[in-house]
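Numbering (my numbering), first residue to last: 148 to 254. In this text, a Cβ means the ideal position worked out from N, Cα and C, and glycines have one as well. No experiment lies behind these values; they were computed from the predicted model shown. Here's the structure, in structure tokens; my notes come after.
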Amino acid sequence: MSDAKSNDSFKARVYAIVAQIPEGRLMTYGDIAGYCGQAYAARVVGGLAHFGPSELPWHRVVNRFGGLASGFHGGREVQAQLLKNESVACTDYIVDDFKELRWRPTL
DNA sequence: CGAGTGACCGCAA
DNA sequence: ATTGCGGCCACTC
Numbered sequence: 148m149s150d151a152k153s154n155d156s157f158k159a160r161v162y163a164i165v166a167q168i169p170e171g172r173l174m175t176y177g178d179i180a181g182y183c184g185q186a187y188a189a190r191v192v193g194g195l196a197h198f199g200p201s202e203l204p205w206h207r208v209v210n211r212f213g214g215l216a217s218g219f220h221g222g223r224e225v226q227a228q229l230l231k232n233e234s235v236a237c238t239d240y241i242v243d244d245f246k247e248l249r250w251r252p253t254l
């Protein structure tokens, strides 16, 4: 909300955004980090995701190229399968309409 | 407690 | 247009 300054840890904000990503939608680490207030903390988003709760739709989070990242819970093939399961056209671990599916959080 | 690593991005030349 | 480099935060061991 209005404050949303630094009451919660950075990871809390990242998890909140990722958890709010709708189906068929994708987001990039830089975008999430940017919406968290630190566009330079893109690495943190990835790091948190590596240890983050598998309950969050990390499979909807991709890199700048719209491709699946590594270290996903289970494997990239699983992530690709999940995206396909969400009607997301992904080819060779790369989202086809990534630029079109790039979702923007509702502030 | 301290140090290192990490699924990255943006910019510059 | 392409390539190379640096930098920030949090988590884990």
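Counterpart residues of residue i in DSSP-defined beta bridges
i    : result
V208 : M174
I241 : G214 and T238
R249 : L173
Residue from the options with nearest C-alpha to residue i
i    : options                   : result
Y240 : E247, Q228, L248 and R172 : Q228
P204 : A188, S156 and V225       : V225
V209 : S156, G184 and I168       : I168
E233 : R211, A159, E202 and R172 : R172
K246 : F219, R223, G214 and L195 : G214
Own chain, CB closer than 8 Å to residue i, minus 5 neighbours either side, in chain order
i    : result
K231 : C237
Beta-carbon contacts of residue i that lie in its chain and below 6 Å, excluding the five residues immediately before and after
i    : result
V192 : V161, Y176, I179 and A180
K152 : Any reading at K152 must be qualified, since the residue scores a pLDDT of 48, below 50, and its modelled position is unreliable; the value itself is stated next. No residues qualify anywhere along the chain.
7 Å CB neighbourhood of residue i in its chain, flanking five on each side removed
i    : result
A188 : F157 and A180
Alpha-carbon spacing of residue i relative to residue j, whole angstroms
i    : j    : result
D243 : G221 : 22 Å
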